[in-house]
Every structure is written in structure tokens, then in C-alpha cells.
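Note sheet for the following structure.
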Amino acid sequence: MYEVTDPVAAEQAAIAAENERLARQEERRRGRGSGAASGFARRKWRWLGVGGDEAIAAARGLLTEILESAQLPATQHATIERALEGSPDRETLLPAVHKGLSVLPADSVLLHLEELWATGVRWLTAAGADRCRVLCSTPGREPVTGRSHAVSGGPAFSLFVSAATRGAVPVPTRFLPELLPWAPLSVIDDLVDHGGLLPEDRPWAVRAAGEGTYLRARMVPATVTPADAEALGWQSFLRRRDFLAGGTPVRQEPEDVWDLLYDVLVAGDPSCLGALDSALPRAQQIELRDLRSGALNGQWKPDVLGDRGLWTLMHELWKPQEHVDPGRSEFHALVALNRAYGLLKAGDPESAARQALPFLPGAGRPRAIPAQLVPEAYTIAAYAAAVNGTLDQAEEYAVEAALSSDAAAQSNLELVRTWQRTTRNNRGPVTNPFLDVGLDHGSADWEPHCREIFRMCKGDQEGESRLNEAEDRIRTAQRHGSGFDEFFRVPLDRSRLRIPSAVSHRLVPPLEPLPRRTGPTSGTELEAIRARAALELLDDFRTTAPHLDRHGSHR
């Protein structure tokens with residue numbers, strides 16, 4: 008119905024249709040024969056504005072078809088017969104011709120008007136003659152001249168001029184209700200492209216269902232439903248919908264904006280930022296650049312900080328090396344807690360404790376810090392205190408963490424109290440061996456990870472010794488019934504430190520109208536419009552013969 012066509016092929020087809028039309032016209036003219044009229048008949052025809060044998064032949068061809076095809080009153084029938092016999096009547100012939108033309112098919116009317124025009128027969132008013140000139144002299148796919156733009160006419164004539172100029176000349180609004188139900192879809196697309204058709208004109212309301220959906224997608228895309236988009240095969244709409252619904256897009260080749268948005272916002276891959284920047288519209292491009300500039304010092308606008316769908320990217324872009332104030336926002340609190348945990352795994356419990364302390368009430372903890380993060384901060388502080396040998400402080404923090412009724416926090420508290428009751432020489436290491444090697448507690452990848460570390464620190468006897476001790480402790484715990492519960496667990500719940508997954512609308516481009524799917528208007532479609540416009544010329548048909556001056560010109 009509205010498949011994209013090759014513009015070159017469409018142009019060639021339109022030219023071929025125009026050539027065929029002209030060939031039919033020439034063949035019809037030759038088929039009438041020369042049949043020169045007598046001098047008396049020529050004078051009679053001349054007073055009717057018909058001069059020369061070709062003009063007389065064109066007029067006779069029209070009269071012959073009227074007699075063969077039209078049912079006329081007896082008097083008008085007789086008038087035409089007399090004209091064919093060589094006695095055209097100046098007073099009564101033109102009304103009879105007008106009557107006959109009014110019942111002929113549109114394509115026949117067009118053909119006869121073209122022949123009359125080509126042979127110099129002017130049986131139209133001045134305004135009608137201007138319109139006929141446009142209809143009869145405009146090649147099928149060539150734009151009409153600037154002079155033609157100034158010629159106005161009825162609905163079909165206006166549509167013809169617009170179609171011939173591919174929408175550059177708009178159709179008067181008053182004609183749209185009559186034209187929209189039957190105008191070729193390609194012509195409507197031309198008008199849409201040039202702004203000659205607006206949403207308030209509602210062309211979809213008078214078209215078939217499929218075309219109506221297509222036009223809504225072109226003009227008011229926000230009204231299109233997912234089912235409509237599925238029917239249209241509108242992939243950009245569907246991929247946008249899937250992204251906003253949190254789905255994983257099917258990769259395109261080459262990558263489109265939805266692939267890149269997923270890579271950057273969901274997967275947190277900063278390597279795709281340049282490609283995404285190039286793919287985004289200007290407004291979203293500015294938002295992305297503001298987002299990146301904020302990562303220089305961890306400062307973003309409040310509405311950006313409140314958009315959880317941006318946190319994954321912000322966390323990838325911002326890698327703070329200094330203390331982070333967790334009271335600035337929920338995002339800063341999450342980054343601060345992750346930084347403290349990262350410092351523990353990096354073997355720096357003192358710095359980890361300093362980063363965790365602002366979460367605690369004694370440090371004037373601001374209300375902005377999410378409550379579920381506080382037990383994790385107490386746990387980090389308790390672990391750091393235990394590693395540093397201040398078990399009383401570790402117990403105090405562990406007690407606060409255990410108020411959350413978390414089973415892991417209760418287990419940590421029992422460990423600290425056990426260490427308190429045990430002498431230093433009998434106590435053994437208080438560190439978590441998984442954290443000692445930079446892994447999360449209970450990680451299943453500890454063996455390959457340890458092998459990799461061993462290769463890296465080969466020749467470092469102290470490093471190798473610490474690694475061997477951590478491996479031995481993990482293997483020993485695996486053999487015991489209590490398993491890894493004998494280690495101080497940090498964090499209590501790993502999910503609390505994860506960046507939440509959400510869909511951000513901030514960088515999502517607005518829904519763009521469906522691109523045009525129709526090709527240029529075909530020659531056949533243009534001829535159909537031209538034929539309808541020819542019928543409108545009958546309103547400009549003369550009822551009296553044109554006035555002739557003594558020099559033989561007519562007006």
C-alpha cells in the first residue's frame with residue numbers, strides 16, 4: 008500500500024506515462040484524417056472560434072463521440088448533426104456541446120479538451136483557459152511554472168497543481184474535506200512533507216484503516232499504539248518502547264541509538280559514549296555532555312541525581328579518589344559505601360573506616376542517607392576496628408549493625424565477642440580471607456583469582472606468604488561444617504551496594520514521526536487527477552461563441 012519505491016524508477020514510469028498520453032492524443036488526431044472542410048464550412052466554424060482544418064477535425068471528433076455516447080434532447084442532437092454536416096450554428100452549438108461533455112467519462116473529457124487546446128479552439132472563458140493551459144501543457148512529472156502557481160481553480164485542479172509540484176504548491180484548506188478521501192497517498196505525503204497538511208486536518212479519519220494508521224504515525228505519532236506500530240512494522244517505535252519498558256534490544260547492524268543507550272545506561276559501558284553522543288538529537292546530546300562534565304567532581308543537578316536510571320553510567324564515569332560526602336544525595340551515599348568497601352578489599356581498613364564513619368549517627372549523619380545502608384556502614388567500621396585490634400570499638404559497631412536483625416550481622420557480633428574472649432595468641436587472623444585477596448565474601452572464583460595473583464606477585468615472598476595463608480584459610484573453612492560463616496562477613500547483603508537498575512527517560516530521544524514510505528506520485532495517478540480537474544473545466548465552458556474582431560482574432 009505504501010512501500011518505498013525507487014525514485015528513479017518512479018520518475019521513469021511517470022515520464023513513460025506522459026509519453027503514452029501524448030502518443031494516444033497524436034494517434035487520435037491522425038485517426039480523424041485530414042478531411043478538409045469546404046470554404047463555406049470553414050467560415051461557419053471560424054465564427055465559432057474554430058480556425059483551420061486541425062481545429063475543425065478536433066471539434067468534429069468531439070461532436071462525433073457526443074452523438075455516439077450521450078443521450079441528448081432532440082434539438083441539441085439535431086444541432087450537433089448539422090454541425091457535422093458542415094453547418095455549425097453559432098448560437099446553439101456550444102450549449103449542446105457543453106451538455107454532451109457533461110455526460111462523457113472524465114478521461115474522454117480531458118482528451119478532447121487537450122485536443123481543442125492544442126489546435127487553438129478556445130471554447131472556455133478566460134479563467135478556464137488559464138486552467139486548461141496548466142492542465143494541457145504541464146508534462147506529467149515536471150514542476151509547473153511560477154506563472155502556473157498563480158492560477159487557481161477547483162478542488163481537483165488545486166490537487167493537480169500540488170501533485171505536479173510534489174506538494175510545493177499547497178491545496179487551499181477549504182478543498183481538503185472533498186479531496187482527502189480520494190487523493191493518492193503519495194500526494195498526501197507530499198503535502199505533509201511541505202507543511203500543507205496539518206494534524207488539525209485529520210486526513211486519517213477519512214482514509215482506509217491501514218492508510219489512516221500510517222498517516223497518524225506520520226503526523227501525530229503520539230496517538231499510535233504498540234499494536235498500530237506492530238501492524239506498520241515501525242521498528243524505531245517498537246525499539247523505543249522496548250527500551251523504555253526495560254527490555255534488552257535485539258542488536259542492529261549497524262548499531263542504532265537504542266543499542267547505544269542500552270550499552271551506556273544499562274550496561275554502563277563508557278566506551279560507547281562517543282558513538283551515543285553522535286547518535287542523539289541536540290537536546291539529549293546536551294544532557295549527555297552535562298552528565299559527563301558532572302563526573303569530573305561528582306556534582307550534578309538535583310534532578311539528575313534523583314534519576315536512578317542514570318546511576319549506572321554516573322558510577323562508571325565517577326571514580327572518586329577522595330572522601331565522598333554521603334549526605335549529598337542517595338547516589339553519593341551509595342558511591343561512598345562502595346568506596347569504603349573497595350578500600351577494605353584493597354587492604355586499607357583505616358581509609359575504609361573514615362569513609363564509613365559519616366554514615367553513623369555520632370558523626371551527625373544527615374537524613375538523606377538511606378536507612379538500609381547504615382547497618383552496612385556499621386559493619387565496615389566494625390571490621391576495620393577489629394583488623395586494627397580495637398575489639399571494644401568493633402563490638403560497639405557490630406551491636407549497632409545487629410539491631411537490623413540481619414542474621415549475618417548477628418554472626419559477626421558473635422565472632423567479635425569470641426575474639427574478645429580469646430587471647431591474641433590463640434585468636435588467629437580476624438580478617439576475611441576473601442577480602443584479603445580482593446574478592447567478595449564467598450566468591451566461587453577464588454581459586455583462579457588466587458592463581459592470577461600468584462603470577463603477578465611471583466618473587467614477592469611476603470605477598471606470596473599472605474596469599475598462601477588466605478588460600479589455606481578458605482580451604483580449611485570449606486572442610487569444616489560451618490563453612491565460610493567463621494569469617495566476618497562484609498557486606499551483610501551485597502545487593503545493598505549494587506547500583507539499582509531503572510530506565511531513565513532523560514537521554515531518550517522524543518518519538519519522531521514515521522518517515523515517508525510512499526514514492527513519487529505515478530504518472531497514472533497524476534492522469535487520474537488531471538481527468539477529474541478536466542471535469543471542473545466544464546463550469547468554465549462558454550455558452551456563446553467567442554467574439555471575433557475584423558482581424559480574425561477571438562476573445
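When you line the sequence shown up against my numbering, it's residues 8 to 562, in that order.
Using N, Cα and C, we set each Cβ at its ideal position, and we do this for glycine too.
Remember, it's a predicted structure, so these values are computed and weren't measured experimentally.
Taken in chain order, the whole alpha helix (DSSP H) runs of length 4 or more contained in the stretch 146–211 are 153–156, 162–171, 183–186, 192–200.
If you draw a straight line from the Cα of Thr-429 to the Cα of Ala-451, it comes to about 31 Å. Between the alpha carbons of Ala-163 and Leu-192 lies a gap of roughly 15 Å.
Listed in chain order, the alpha helix (DSSP H) elements of length 4 or more contained wholly in the stretch 241–316 are 242–251, 264–268, 280–286, 289–301, 309–312. Within the stretch 65–120, the complete alpha helix (DSSP H) runs of at least 4 residues fall at 81–91, 100–108. Segment contact: the stretch 446–465 against the stretch 405–412, fewer than three CB-CB distances shorter than 8 Å; contact not assigned. Where Leu-542 is concerned, the enclosing alpha helix (DSSP H) starts and stops at 530–543.
Three or more beta-carbon pairs separated by less than 8 Å link the stretch 199–212 to the stretch 171–184, which places the two stretches in contact. In this structure, the CA atom of Leu-542 is about 28 Å from the CA atom of Leu-205.
CA-CA distance, Leu-499 to Pro-382, rounds to 8 Å.
About 2 Å separates the CB atoms of Asp-547 and Gly-135; that is less than 8 Å, so the two are in contact. Residues Ala-65 of the same chain have their beta carbon placed closer than 6 Å to that of Glu-122, with the five preceding and five following residues left out of the count.
In the structure shown, Phe-338 adopts helical secondary structure according to DSSP, grouped into three states.
Around the CB of Thr-525, 16 or more other CB atoms lie within 10 Å, so the residue is classed as buried. Scanning Pro-188, Ala-391, Gly-354, Pro-516 for the CA closest to the CA of Arg-361 turns up Ala-391.
DSSP places Glu-519 in no alpha helix (DSSP H); its state is neither H nor E.
With respect to the C-alpha of Ser-508, the residue from Ala-389, Ala-282, Leu-251 having the closest C-alpha is Leu-251. Your pair Leu-420 and Val-497 does not check out as a contact, with CB atoms roughly 13 Å apart and the cut at 8 Å. In this chain, the alpha helix (DSSP H) harbouring His-322 covers 318–324.
Under a 10 Å Cβ-count criterion, Thr-86 is classified as buried, with 16 or more other Cβ atoms of the shown protein chains found around its own Cβ. Distances from the CA of Asn-439 to each of Cys-464, Ala-414, Leu-474 were compared; the closest alpha carbon is that of Leu-474. For Thr-220, the enclosing alpha helix (DSSP H) covers residues 216–226. For Glu-478, the closest of Ala-62, Val-444, Arg-503 by C-alpha to C-alpha distance is Val-444. Runs of the alpha helix (DSSP H) lying entirely within the stretch 412–460, each at least 4 residues long, are 414–428, 431–434, 440–443 in chain order. Counted as a single uninterrupted DSSP element, the alpha helix (DSSP H) harbouring Glu-407 occupies residues 398–409.
Our two residues, Ser-336 and Arg-181, have alpha carbons roughly 58 Å apart in a direct line. Counting C-beta pairs with one atom in each stretch, the stretch 512–523 and the stretch 385–399 have fewer than three that are closer than 8 Å, which means they do not touch. Between the C-alpha atoms of Asp-60 and Thr-82 there is a straight-line separation of about 27 Å. Put simply, the backbone Cα of Ile-506 is about 16 Å away from that of Pro-277. The straight-line gap separating the alpha-carbon atoms of Pro-233 and Val-213 is approximately 22 Å. Within 10 angstroms of the beta-carbon of Ser-165 lie 16 or more other beta-carbons, which makes it buried. Only residues of its own chain outside the window of five on either side were considered, and among them Leu-79, Gln-83, Thr-86, Ile-87 have a CB closer than 7 Å to the CB of Ala-103, listed in chain order. If the five residues before and after Arg-537 are omitted, its C-beta is found closer than 7 Å to the C-beta atoms of Leu-117, Leu-142, Phe-167, all from its own chain and listed in chain order.
Restricting attention to Thr-132, Thr-551, Ile-63, Ser-115, the CA atom closest to the CA of Ser-94 is found in Ile-63. In this structure, the CA atom of Lys-106 is about 14 Å from the CA atom of Leu-131. Burial of Arg-223 is indicated by the presence of at least 16 other C-beta atoms within 10 angstroms of its C-beta.
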